[in-house]
Amino acid sequence: MSHSRWKTLRERKLVEGFTEPEDVAEARREIRLSMALAKAVYDRRTELGLTQSELADRAGLTQAKISRIEGSDTVPTLPLLARLAKALDATLNIALDNDDTQVTFTAHRPDAA
58 MSHSRWKTLR ERKLVEGFTE PEDVAEARRE IRLSMALAKA VYDRRTELGL
108 TQSELADRAG LTQAKISRIE GSDTVPTLPL LARLAKALDA TLNIALDNDD
158 TQVTFTAHRP DAA
């Protein structure tokens, strides 16, 4: 089933009053958060022109770990997020509000010399 067909069926079920079980809704929220983080890491890494291996070296991680983070296959701990932010020379911003999740990296400004 294509994504657009699945989305249409889901929307029709929601209009008809169908509600997802709470565990399914929670899993969906967790997946959205993981995907938002993955995209933010990828976007910042490519903005800096870094490979996954180069980012891994900066953060003291393996390339496989970076790949799992960017692939939404893992949810990093807070200390690991701090290491990523430092390696990406940025501040990590996470905004959680019901179904709206925003994850961004804000680049540090170069020191004025």
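So for the sequence shown, our numbering puts the first residue at 58; every next one is plus one.
Here a beta-carbon is modelled for each residue, glycine too, at the ideal position from N, C-alpha and C.
Keep in mind the model is a prediction, meaning the values are calculated, not measured.
Residue i to residue j span [Cα, whole Å]
i, j, result
"Ala93", "Gly74", "28 Å"
"Ala169", "Leu141", "Residue placement at Ala169 is poorly supported in this model, since its pLDDT is 44, which falls under 50; the coordinates are not used for a value here."
"Ile126", "Leu118", "11 Å"
"Arg102", "Asp80", "33 Å"
"Ala144", "Leu112", "7 Å"
"Asp146", "Glu104", "11 Å"
"Leu138", "Gln120", "15 Å"
"Arg69", "Arg62", "11 Å"
Residue burial classification, residue i (beta-carbon count within 10 angstroms, cutoff 16)
i, result
"Arg166", "exposed"
"Gln159", "exposed"
"Lys122", "buried"
"Ala181", "Residue 181 cannot be examined here, being either before or after the span of the chain that is shown, 58 to 170."
"Ala82", "exposed"
"Ala116", "buried"
Contact belief for residue i with residue j at Cβ below 8 Å, rounded distance in angstroms
i, j, result
"Ala95", "Ser129", "4 Å"
When the options are compared against residue i, the one with the closest alpha-carbon
i, options, result
"Asn150", "Asp156, Asp157, Phe162 and Ala139", "Phe162"
"Thr134", "Leu153, Glu104 and Ser91", "Ser91"
"Asp156", "Glu77, Ser59, Arg89 and Val72", "Arg89"
"Thr131", "Ser110, Glu87 and Thr108", "Glu87"
Q. What are the complete beta strand (DSSP E) segments, minimum 3 residues, inside the segment 109 to 170?
A. Within the segment 109 to 170, the complete beta strand (DSSP E) runs of at least 3 residues are 147 to 154 and 157 to 164.
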